[in-house]
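Residue numbers (the numbering used here): 1 to 430. Okay, structure first, notes after.
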């Protein structure tokens, strides 16, 4: 019997366990190591932060689902990975061995890299459900006592979509509370232009997002490097193309939500051959680590180099469908290796994204996510808000049911011509 362990039970890790169980059958072991017992739907966090969702609506207890599906579960969390021994040391002192490992930890949030940054200091976050609940308490205080608001993403950030989402959702929530007229809003981002998204834009995301900000009277600063946060004030350097400071800004706020840069989690960070200096997992086109070929990785923890040089460091996002394509490729590769074959499946890294604005939104399709692309499309409208709500309900149903990709999802993607895997080409003898 082969034992496959998944490290992490977020979007990628949970679906990874489901797909592995389907592909390997009950004759092989599948287990998950995670810190905690619940899956939380992170894309709903901006709604949680303004009171549009409660915690119980966006969380799933994984214990009964994993038990029903025959998936082992270790919710103690990982202290340290030992890839040379093919073993994970857990926080309670026990350890879990593996034949194949899939790292799906997600990131560690690097709030400590900027003075005064993070929920434990001067700013709010929507990266974690606990952070979003804290941001909701701060939102209530803002409504009771309105003042300037700061939203955006700092240098080194790679997940820009939620920053835009939250800016527009917060605008809508403040309008509903009839206090928007007393809340000046500023969007501060390390991107070289609005709508860059770490992807050099998708379709006309630049024009669409700038237009939405103008309509909502949200001012913006791009190429922004945050120097520090103080009580009620952010010190921001706007960087010119030559790398020098173009303008220094002191931005007052009574409420700030800024997304941080990411790095690899402590359990894997600093392992030679496994991670880059930032702690992200090195992987080839099969999502396989070159130094430890029994180790695969999916999701935000995967090392992807920036698209190009920008005045302020900008990372590349790993969007939901892109991660799902990694999951499907890794599943097929591990199943092939277990059966004695080679790893041949390559994910497409195609991206489908719905960015909700509370009463509208922007959608884009990028095939592949990283340019140059075969498809480069974006659109906006009220339909995006409805589609995002529908997707939330559908995805949480997948997690609760223990199903990675129901038949009707496969059919819809086939009709749209959106693939998770690249076509496999095999050399044949003449």
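The beta-carbon is built from N, C-alpha and C at its ideal position, and this holds for glycine as well.
Spatial distance of residue i from residue j (CA atoms)
i	j	result
residue 363	residue 113	32 Å
residue 191	residue 311	9 Å
residue 142	residue 255	7 Å
residue 33	residue 107	15 Å
residue 28	residue 92	25 Å
residue 139	residue 156	26 Å
residue 220	residue 131	24 Å
residue 117	residue 340	50 Å
residue 393	residue 247	44 Å
residue 123	residue 244	26 Å
residue 401	residue 65	7 Å
residue 266	residue 294	20 Å
residue 387	residue 82	42 Å
residue 15	residue 321	12 Å
residue 431	residue 239	Within the shown structure, residues of the chain are numbered from 1 to 430, placing residue 431 beyond reach of any answer.
residue 404	residue 250	47 Å
residue 216	residue 283	42 Å
residue 129	residue 171	21 Å
residue 126	residue 227	21 Å
residue 18	residue 77	19 Å
residue 119	residue 48	15 Å
residue 21	residue 398	15 Å
residue 375	residue 384	19 Å
residue 187	residue 203	21 Å
residue 146	residue 218	16 Å
Backbone secondary structure at residue i - three-state DSSP
i	result
residue 428	Any answer about residue 428 is weak, because its pLDDT of 34 lies below 50 and its placement is not dependable; what the coordinates show is given next. Coil.
residue 212	helix
residue 332	helix
residue 168	helix
residue 129	helix
residue 7	strand
residue 84	coil
residue 2	coil
residue 349	coil
residue 355	strand
residue 134	helix
residue 302	strand
residue 419	coil
residue 278	coil
residue 375	strand
residue 149	strand
residue 103	strand
residue 343	coil
residue 307	coil
residue 270	coil
Boundaries (first-last residue) of the beta strand (DSSP E) holding residue i
i	result
residue 95	95 to 97
residue 234	233 to 239
residue 220	218 to 221
residue 186	185 to 189
residue 369	No beta strand (DSSP E) holds residue 369; DSSP gives it neither H nor E.
residue 248	245 to 252
residue 74	72 to 74
residue 259	255 to 259
residue 227	224 to 230
residue 296	295 to 297
residue 29	29 to 33
residue 158	Run containing residue 158: none; DSSP gives neither H nor E here.
Supposed close pair residue i, residue j - CB separation, criterion 8 Å
i	j	result
residue 174	residue 378	With a Cβ gap of about 26 Å, residue 174 and residue 378 do not count as contacting.
residue 71	residue 7	14 Å between Cβ atoms; not a contact.
residue 111	residue 260	5 Å
residue 160	residue 317	7 Å
residue 75	residue 3	With a Cβ gap of about 18 Å, residue 75 and residue 3 do not count as contacting.
residue 299	residue 12	3 Å
residue 350	residue 372	The pair is not a contact, with the Cβ atoms about 14 Å apart (cut-off 8 Å).
Terminal residues of the alpha helix (DSSP H) in which residue i lies
i	result
residue 16	11 to 24
residue 392	382 to 401
residue 66	62 to 69
residue 48	45 to 48
Own chain residues within Cβ distance below 7 Å of residue i, not counting five before or after
i	result
residue 252	148, 232 and 233
residue 1	27, 28 and 29
residue 153	160, 163, 189, 190, 258 and 259
residue 84	none
residue 285	346
residue 336	342, 343 and 344
6 Å Cβ shell around residue i - same chain, five flanking residues per side excluded
i	result
residue 345	329, 332, 333 and 421
residue 184	148
residue 357	168
residue 38	59 and 61
residue 347	325, 326 and 329
residue 10	106
Neighbourhood of residue i by C-beta distance below 8 Å, restricted to the same chain and skipping five residues each side
i	result
residue 430	Only weak support exists for where residue 430 lies, its pLDDT of 30 falling under 50; the value from the coordinates is given anyway. Result list for residue 430: empty, nothing under 8 Å.
residue 396	41, 58 and 60
Test: residue i CB closer than 7 Å to a CB of chain D
i	result
residue 185	The structure shown has no chain D; it contains just one protein chain.
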